[in-house]
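Peer 1: Just so we're aligned, residue 59 is where the sequence shown starts under my numbering, counting upward by one. Below is a structure I'd like to ask you about.
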Amino acid sequence: MVAAVRRLGLLVAALLCGCGGSDGPSSSGAGPTAGASVHGVLLVVCDTLRADRLDPYGGDVGTPHVNRLAERGVVWEQNRAQGCWTLPSMISMMTGRWISERSRGVPKDQPTLADLLSEEGFRTGAFVANAVASPQRGFARSVDHFDQLTYSDPADVVAKRFLDWKAGLDLQDERPWFGWVHFMDPHMPYEPDERFLRPQAPVSSAQRDAWKRAEYEIEQFLPGSAAARQGTNGRQFIRGIRQAYDGEVRSFDHGLGLILDALEASGELDTTLVVLAADHGEAMFENPIYPGEKDALLDDEPRSLALGRWLAYDHKHWYFPQTWNTPLIVSGPGFERGVVGEGMSANIDILPTILAAVGAHVPDDLDGTSLVGRTTVERELVFGHGRDTTAVIDGAGNFWVEMPRELSGVRDPQRPSGLLFQLSQGPLYLTDRSRQEPELAASLRQRIDEWRATTTLRTNLDVDDSADQILIDLGYVEGPAGDESEDADGADADGTSKPPKSDG
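Given below as structure tokens:
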């Protein structure tokens with residue numbers, strides 16, 4: 059019902075805005091732009107952005123500029139990133155390939171989106187506020203102008219850097235352009251400008267029920283624990299964290315609006331392909347941490363049991379819906395307007411989509427598929443890999459997450475180390491179903507094995523140590539940034555927010 063209402067809302071909005079030169083209404087939306095060709099490509103990546111916080115995905119944060127983009131294009135509701143943190147996710151996005159093992163940088167023999175567009179004569183620029191996606195890791199290859207900003211630069215600063223570059227291009231020649239804008243809000247630390255803060259949102263009954271379940275579990279281990287319900291780690295703490303995160307989402311939306319306004323004012327919006335994506339989402343205390351993590355907490359810090367420790371926060375190695383389901387909105391020449399795409403799309407589809415939209419050759423070895431001219435994707439499975447976890451999800455919402463035993467809590471050496479989740483349980487308080495559904499778990503495990511055996515992307519471990527030193531200097535990490543064994547929870551021992559140790 060919610061999805062149907064969103065579809066109707068997008069269609070009505072598109073029709074009311076006159077469809078901006080489209081062919082007119084179609085059965086699924088307002089129809090693609092007629093007679094326009096792509097002169098510019100804008101890839102907007104918002105770090106740590108959950109799909110469900112955005113208006114077109116049913117969110118209530120208030121993102122009018124994302125909504126504006128959705129009214130002009132196709133919203134892919136069931137999109138997923140290919141990693142649970144930045145590095146593997148961005149390597150996959152920029153190559154259109156699955157990544158199944160650790161890589162410290164972009165594979166040197168794999169063409170990137172910038173490589174391929176540069177060969178087509180595009181002028182290229184990147185404006186990146188996440189130090190993981192750095193030149194040292196190969197992300198500046200074939201980029202004419204690479205602007206490495208910092209995680210503390212808010213979205214309006216990043217947007218203005220891009221617009222300054224874009225204005226300079228207009229004085230040079232008429233060649234097409236490609237811009238990659240990588241915003242860092244809403245990554246931790248959540249420190250939005252006051253103008254983007256709103257009163258704390260009401261808590262849904264489903265969320266209250268999930269918190270009650272967690273409090274009940276905590277009570278079994280620590281009877282009489284007041285911390286389960288209140289204090290620095292209780293419900294009010296969680297609501298404050300969410301309030302700050304939502305403020306950062308509004309900050310991002312404002313930055314996006316600056317860019318859309320400028321393109322519209324110059325008359326270029328109708329000839330610009332705009333792709334909005336995210337490298338991963340963010341867990342916000344909706345689901346319990348993995349069983350092995352619970353065991354470690356009970357062994358090491360039983361007195362610190364509270365909602366803020368018992369429930370997943372940050373992105374780490376988690377593949378919950380809130381971290382894996384990321385936005386994908388595509389707007390521009392050749393794309394329907396005000397349409398909700400069906401099926402499981404993935405960030406690996408971004409590269410072939412952009413190439414096809416500009417009329418470039420799409421390499422045969424890509425794992426992604428072009429979304430040009432489509433409102434439906436036929437894909438049986440989507441995979442993800444990052445740090446020490448690998449995941450697969452099927453079209454019915456069943457997903458298996460392979461992980462070390464210290465995370466899964468599976469001690470029996472005869473049992474595989476992993477957890478089975480089912481979205482039919484709902485998006486909140488998911489629990490392992492592998493004992494109830496052993497055949498399904500075995501089938502999904504086999505699909506990961508088959509996928510891993512056929513994945514041909516070569517990894518890159520030959521990255522200069524300066525790539526790690528940049529993050530150490532910025533205070534992101536205490537050790538090598540490309541080491542997937544590092545702690546990256548981005549929170550103090552008491553569960554309170556702090557500037558991130560994580561790099562993604």
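We put the beta carbon where it would ideally sit given N, CA and C, even for glycine.
1. From which residue to which residue does the alpha helix (DSSP H) around Val215 run?
2. Could you give the uninterrupted runs of the beta strand (DSSP E) lying entirely in the stretch 423 to 503, keeping only those of 3 residues or more?
3. Kindly indicate the opening and closing residues of the alpha helix (DSSP H) around Leu413.
4. Nearest CA to the CA of Ile157: which residue from Trp509, Gln527 and Val521?
5. Assuming Ala268 contacts Leu486 (C-beta within less than 8 Å), just tell me the rounded distance between them.
6. Let's test the definition: count the other Cβ atoms within 10 Å of the Cβ of Ala184 and tell me whether it reaches 16, buried, or not, exposed.
7. Thinking C-beta only, is Leu488 closer than 7 Å to Asn345?
8. Considering only the alpha carbon of each residue, which of Met342, Ala449, Thr153 and Gly237 lies closest to Thr106?
9. Could you pull out every unbroken alpha helix (DSSP H) segment of at least 4 residues lying fully inside the stretch 150 to 181, listed in chain order?
10. Do you know whose CA, among Asp425, Gly396 and Val388, lies nearest Ala415's CA?
11. Roughly how many angstroms lie between the CA atoms of Gln301 and Val164, to the nearest whole one?
12. Let me check one thing: in DSSP terms, what residues is Ala404 bridge-paired to?
13. Looking only at its chain, what residues have a beta carbon closer than 6 Å to the beta carbon of Asp211, apart from the 5 residues adjacent to it on each side?
14. Going by the DSSP bridge assignment, what does Pro346 pair with across the sheet?
15. Kindly identify the DSSP beta-bridge partner or partners of Leu334.
16. Mapping the DSSP letters down to three states, classify Asp520 as helix, strand or coil.
17. With a CB to CB cut of under 8 Å and the five nearest residues on each side skipped, what residues in its chain are close to Glu464?
18. Would His419 be called buried (16 or more neighbouring beta carbons within 10 Å of its own) or exposed?
19. Specify, as a first and last residue, the run of the alpha helix (DSSP H) that Gln301 falls within.
20. Along the alpha helix (DSSP H) that carries Val124, what are the first and last residues, could you check?
21. For Ala364, which option in Leu498, Arg271, Glu340 and Arg437 has the closest C-alpha, if you only look at C-alpha atoms?
22. Does the stretch 123 to 131 come into contact with the stretch 392 to 401, if we say contact requires no fewer than three beta-carbon pairs (one atom in each stretch) closer than 8 Å?
23. Do Ile408 and Val333 have their beta-carbon atoms positioned less than 7 Å apart in this structure?
24. Quick check: what's the CA-CA separation for Glu460 versus Ser475?
25. Leu439 to Asp452, Cα distance in whole Å?
26. Between which two residues does the alpha helix (DSSP H) holding Gln278 run?
27. Note down the Cα distance separating Arg437 from Ser403, rounded to an integer number of angstroms.
28. Which residue from Asp423, Ser200 and Ala264 puts its Cα closest to that of Gly237?
29. Would Glu252 count as contacting chain B if we go by Cβ distances under 7 Å?
30. If we count Cβ pairs, one from each stretch, closer than 8 Å, do we get three or more for the stretch 223 to 235 versus the stretch 165 to 184?
31. Helix or strand or just coil, what does DSSP make of Phe204?
32. Can you check which of these residues, Thr517, Arg516, Tyr348 and Gln480, is closest to Gly467 by C-alpha distance?
33. Hey, quick one: how far does the beta strand (DSSP E) through Trp235 stretch, first residue to last?
34. By DSSP, does Ala198 sit in helix, in strand, or in coil?
35. Between Trp376, Asp311, Ala213 and Gly226, which lies nearest to His203 when the distance is taken from Cα to Cα?
Peer 2: Considering the structure as presented:
1. Ala213 to Leu227
2. 439 to 444, 447 to 452, 456 to 460 and 476 to 480
3. Ile408 to Ala415
4. Trp509
5. 4 Å
6. buried
7. yes
8. Met342
9. 171 to 177
10. Val388
11. 35 Å
12. Arg138
13. Ala187
14. Leu369
15. Val102 and Ile387
16. coil
17. Gly350 and Ala354
18. exposed
19. Arg293 to Ala323
20. Pro122 to Glu129
21. Arg271
22. yes
23. yes
24. 6 Å
25. 5 Å
26. Ser263 to Phe279
27. 8 Å
28. Ser200
29. The displayed structure is made up of one protein chain only, and chain B is not part of it.
30. yes
31. strand
32. Tyr348
33. Trp235 to Phe241
34. coil
35. Gly226
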